[in-house]
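Under our numbering, the first residue of the sequence shown carries the number 141, and numbering increases by one thereafter. Note that beta-carbon positions come from the ideal geometry of N, C-alpha and C, so glycine has one too. Structure first, then comments.
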Amino acid sequence: KKFRLKTGKGRCHMKPKGYKRTRCEKRTMSKCADGVARTYNAIESKYAERLEASPNIKEFRCQVLLEGLELGEYCSDFVAVKTDGELMVRECVYRKHLIKPMTAKLLDASRNYWMRQGITDWGIVVEKKEDADGEKPAD
Numbered sequence: 141k142k143f144r145l146k147t148g149k150g151r152c153h154m155k156p157k158g159y160k161r162t163r164c165e166k167r168t169m170s171k172c173a174d175g176v177a178r179t180y181n182a183i184e185s186k187y188a189e190r191l192e193a194s195p196n197i198k199e200f201r202c203q204v205l206l207e208g209l210e211l212g213e214y215c216s217d218f219v220a221v222k223t224d225g226e227l228m229v230r231e232c233v234y235r236k237h238l239i240k241p242m243t244a245k246l247l248d249a250s251r252n253y254w255m256r257q258g259i260t261d262w263g264i265v266v267e268k269k270e271d272a273d274g275e276k277p278a279d
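Here's what the structure looks like:
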């Protein structure tokens, strides 16, 4: 299914559009459809690098607006086109935020939005366990 992806303007990554508490890192990336990847935290930044390096990804967009969402104006962190033409969506979340009710509500809204669009490859990206704890997990 083909449809137009609208990139959000400003800071709207699973936060309300216009949210001002995080800084935007802008980097030129060849696979980023806009030419410049806009990321708002370390997880997004690392995942953008991973998408850029992946041979299975043709192109990706950052901060894609979820149009008509009942909760307000929010964006998905990444929408990527795989080499087979299928779309995949990823939301980047810190582990400590996964237990927050609003985070769960927004993630569910994102998943449901993309399922209505016919996209089934939807997932959550979290930091490594040792990054979350500040120490490596025991073997």
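Using a 10 angstroms sphere on the CB of LEU238, the tally of other CB atoms stays under 16, which defines it as exposed. The segment 219-234 and the segment 252-265 touch, with three or more beta-carbon pairs separated by less than 8 Å. Under the DSSP assignment, ILE183 falls outside any beta strand (DSSP E), being part of the alpha helix (DSSP H) whose first and last residues are 182-193. Counting along the chain, LEU205 sits inside the beta strand (DSSP E) bounded by residues 197-205. Assignment of LEU238 by DSSP, reduced to helix, strand and coil, places it in the coil class. Under the three-pair Cβ rule at 8 Å, the segment 236-253 counts as touching the segment 198-210.
GLY263: member of the beta strand (DSSP E) spanning 261-265, first to last residue. Apart from sequence neighbours up to five positions away, the residues of its chain that approach ARG167 with a beta-carbon distance below 6 Å are ALA177, ordered along the chain. Looking from the CA of THR260, the closest CA among SER185, LYS236, ALA244, VAL221 belongs to VAL221. Counting every other CB atom within 10 Å of its CB across the protein chains shown gives MET169 a total of 16 or more, marking it as buried. The three-state secondary structure of ALA173, taken from DSSP, is coil.
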